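Participant: Numbering (this note's numbering), first residue to last: 557 to 711. Using N, Cα and C, we set each Cβ at its ideal position, and we do this for glycine too. Computed from a predicted model, the values in this text were never measured in an experiment.
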């Protein structure tokens with residue numbers, strides 16, 4: 557089941573720990589500490605529209621999440637103003653379609669929000685997103701890491 561973080565706000569700190577551990581190296585630590593990540597997700601838990609986070613649950617336990625945000629990395633602000641960000645599925649739950657479901661729900665949310673073009677960057681999962689209809693627009697560098705910029709037109 558996928559629910560807005562607003563329906564399960566007590567999970568914000570857990571999701572922040574996942575996100576920070578997995579993606580912290582892409583961001584300036586003075587800008588995106590664990591505390592900042594937690595505050596960001598607590599803010600997402602106050603709304604159902606952008607910026608917000610969706611949570612995949614197995615019973616009451618979180619198994620994954622994805623965010624719809626206005627900015628994912630300051631370096632890419634000129635590229636676009638709506639981003640699918642922080643797709644994460646717990647390692648023990650991968651391979652079950654949870655990530656695909658989260659991406660589809662995030663794109664559907666973007667469509668409901670009237671987003672004409674949704675962006676993401678990924679260091680390694682181009683084929684995963686391409687299979688879901690995302691277009692690979694080439695590579696860029698983020699804090700010394702090569703990433704692919706991708707987009708989709710939410711329907």
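What does a CB cutoff of less than 8 Å around residue 683 pick up in its chain, not counting 5 residues either side in sequence?
Facilitator: none
Participant: Would residue 609 and residue 623 qualify as a contact pair, given that the criterion is a beta-carbon distance under 8 Å?
Facilitator: Cβ atoms of residue 609 and residue 623: closer than 8 Å.
Participant: Just curious, the beta strand (DSSP E) that residue 617 is in, first and last residue?
Facilitator: Note, residue 617: beta strand (DSSP E), 617–625.
Participant: Which residue comes first and which comes last in the alpha helix (DSSP H) that contains residue 704?
Facilitator: Boundaries around residue 704 are those of the beta strand (DSSP E), 701–708, since no alpha helix (DSSP H) includes it.
Participant: Name the DSSP bridge partner or partners of residue 560?
Facilitator: 610
Participant: Taking the CB atoms as reference points, tell me whether residue 638 and residue 673 lie closer together than 8 Å.
Facilitator: yes
Participant: For residue 644 and residue 620, which I take to be in contact (beta-carbon distance under 8 Å), what is that distance rounded to the nearest angstrom?
Facilitator: 6 Å
Participant: Residue 658 and residue 612 - do their beta-carbons sit closer together than 8 Å?
Facilitator: yes
Participant: In or out: residue 706 buried (at least 16 other Cβ within 10 Å) or exposed?
Facilitator: buried
Participant: Within a Cβ cutoff of 7 Å, which residues of the same chain sit near residue 576, ignoring the five residues on either side of it in sequence?
Facilitator: So the list reads 590, 593, once near-sequence residues are dropped.
Participant: So residue 601 is in the beta strand (DSSP E); what residue range does that whole segment cover?
Facilitator: Unbroken run through residue 601: none, as it is neither H nor E.
Participant: Which residues mark the beginning and the end of the beta strand (DSSP E) in which residue 693 is found?
Facilitator: 691–698
Participant: If contacts are defined as beta-carbon pairs under 8 Å, then residue 635 and residue 574 qualify, I think. What distance do you get, rounded to the angstrom?
Facilitator: The pair is not a contact, with the Cβ atoms about 25 Å apart (cut-off 8 Å).
Participant: Could you give the residue range of the alpha helix (DSSP H) that holds residue 665?
Facilitator: 654–668
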